[in-house]
Amino acid sequence: MIDLLVAGGGPAGLATAIHAALAGLEVVVAEPRATPIDKACGEGLMPPALRGLTALGVTLHGHPLRGIRYLDEARNIAEAPFGSGPGLGVRRTELHHALARRAAELGVLVEPVRVGAVQQHGDHVSAAGLRARYLAAADGLHSPIRRSLGLGLPDDRPARYGLRRHYAVAPWSDHVEVHWSAGSEAYVTPLGPELVGVAVLTGHREPFEQQLARFPQLGRRLPAAAAIGPARGAGALRQRVRRRVAGRVLLVGDAAGYVDALTGEGISVALAGAARLVDCVRAGRPQEYERAWCRATRRYRLLTESLLRLRGRPAVAARIVPVAARHPAAFAAAVRCLG
771 MIDLLVAGGG PAGLATAIHA ALAGLEVVVA EPRATPIDKA CGEGLMPPAL
821 RGLTALGVTL HGHPLRGIRY LDEARNIAEA PFGSGPGLGV RRTELHHALA
871 RRAAELGVLV EPVRVGAVQQ HGDHVSAAGL RARYLAAADG LHSPIRRSLG
921 LGLPDDRPAR YGLRRHYAVA PWSDHVEVHW SAGSEAYVTP LGPELVGVAV
971 LTGHREPFEQ QLARFPQLGR RLPAAAAIGP ARGAGALRQR VRRRVAGRVL
1021 LVGDAAGYVD ALTGEGISVA LAGAARLVDC VRAGRPQEYE RAWCRATRRY
1071 RLLTESLLRL RGRPAVAARI VPVAARHPAA FAAAVRCLG
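Each residue of the sequence shown is one higher than the one before, counting from 771 in my numbering.
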């Protein structure tokens, strides 16, 4: 019987497996899809995420990120550097490859199976033909395991969605640019010498081209001929969770609950949750994970919820970039909260 079965071999699942292997646990990842798995995401690693991945021994190649820049169509600009070193713009596929390489170096076994029904017993769980003392559900934003255990909660607020596309153009900044429109944000992340990623967060369910049309200044920098591959989408983004522990099953990554991608901290939160999960499993105290997860993600949840409330009030949302531009010290303090 293994110590930990991880359901899901995306970044959160592999980070959990790496933490477990480094802690001396026997861990197996269940993932039926081949690596890498590409999904819609902003592809910008904030400084805490980059430090966390480096501490796990994960080697990454990408474009250094020096800070955050807010812009609107009235040409207001607010810009500030990160406070504790650079972040990194990294293709989702490169991040997944790097995590998979590190897991393989540590001897983590990846089984090409999908976790379906989970059966819990007194001292173990059984799923996908495997037996483990604990199961980490890292099966994504719309986690089937979370749903099967009745751990999700409804949310009656307007849904937000994410779309991402790559463009073969040279980055014009070493900052993540956040372009604000009336109901959407477009995040521009430099990824390489001739590559940028553009992610749009919005409440409108429209094709990517129509979403980009809401940002005329940005659109002029992104000729249609420079688009690479299809646009990828994700959502609804917000996922409320009743709790993150059910017996010997613990939720991690997006499966553990998600507020929004607005602050770009998805990987940072996944890494923090993975570390706390492994600590609790190693100590044989899974019931402590809920409190540990809440403590580790409190700042992210408060900051993101606050920005979402502002975004949800049109009159206030229109003032976000102008106020940030007029108060650079306050904006710089907010950026330092991200790293």
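Positions of the beta carbon are idealized from the N, C-alpha and C atoms, including for glycine.
Check, Outcome
"Nearest-angstrom Cα separation, counted from Gly910 out to Ala1095", "36 angstroms"
"Ser954 (DSSP reduced to helix, strand or coil)", "strand"
"Arg1068 to Arg901 span [Cα, whole Å]", "33 angstroms"
"Top-ranked residue by Cα proximity to Leu858, from Ala1053, Ala1087, Thr1074 and Glu1035", "Glu1035"
"Sub-7 angstroms separation of Gly783 and Val799 beta-carbons", "yes"
"Rounded C-alpha distance that separates Ala1103 from Ile838", "12 angstroms"
"When Asp1030, Trp942 and Leu923 are compared against Thr972, the one with the closest alpha-carbon", "Asp1030"
"Host alpha helix (DSSP H) of Asp1049 (start-end)", "Gly1036 to Ala1053"
"Boundaries (first-last residue) of the beta strand (DSSP E) holding Ser896", "Val895 to Ala897"
"Limits of the alpha helix (DSSP H) - the one that Thr1074 falls within", "Tyr1059 to Arg1081"
"Inter-residue CB distance, Ala810 and Ala929 (contact presumed, cutoff 8 angstroms)", "Ala810 to Ala929, Cβ: 15 angstroms. No contact."
"Residues sharing a beta bridge with Gly765, DSSP", "Given that the chain is displayed from residue 771 to residue 1109, the structure contains no residue 765 and the question cannot be resolved."
"Length of the line joining the Cα atoms of Gln1009 and Asp925", "8 angstroms"
"Where Glu976 sits in the DSSP three-state scheme", "coil"
"Contact between the segment 1047 to 1066 and the segment 1017 to 1027 (3+ Cβ pairs under 8 angstroms)", "yes"
"Continuous beta strand (DSSP E) stretch holding Val1019: start and end", "Val1019 to Leu1021"
"Continuous beta strand (DSSP E) stretch holding Gly837: start and end", "Gly837 to Asp842"
"Limits of the beta strand (DSSP E) - the one that Ala848 falls within", "Ile847 to Pro851"
"Of the listed residues Val1051, Asp808 and Glu843, nearest to His866 (C-alpha basis)", "Asp808"
"Straight-line gap, Leu933 to Pro1056 (C-alpha atoms, nearest Å)", "35 angstroms"
"Spatial distance of Ala1087 from Leu1077 (CA atoms)", "9 angstroms"
"Residue interval of the alpha helix (DSSP H) (run including Arg821)", "Pro817 to Ala825"
"Run of the alpha helix (DSSP H) containing Ile1090, from where it starts to where it stops", "Ile1090 to Arg1096"
"C-alpha distance - Ala969 paired with Met771, whole-angstrom precision", "42 angstroms"
"DSSP three-state assignment for Glu881, whether helix, strand or coil", "strand"
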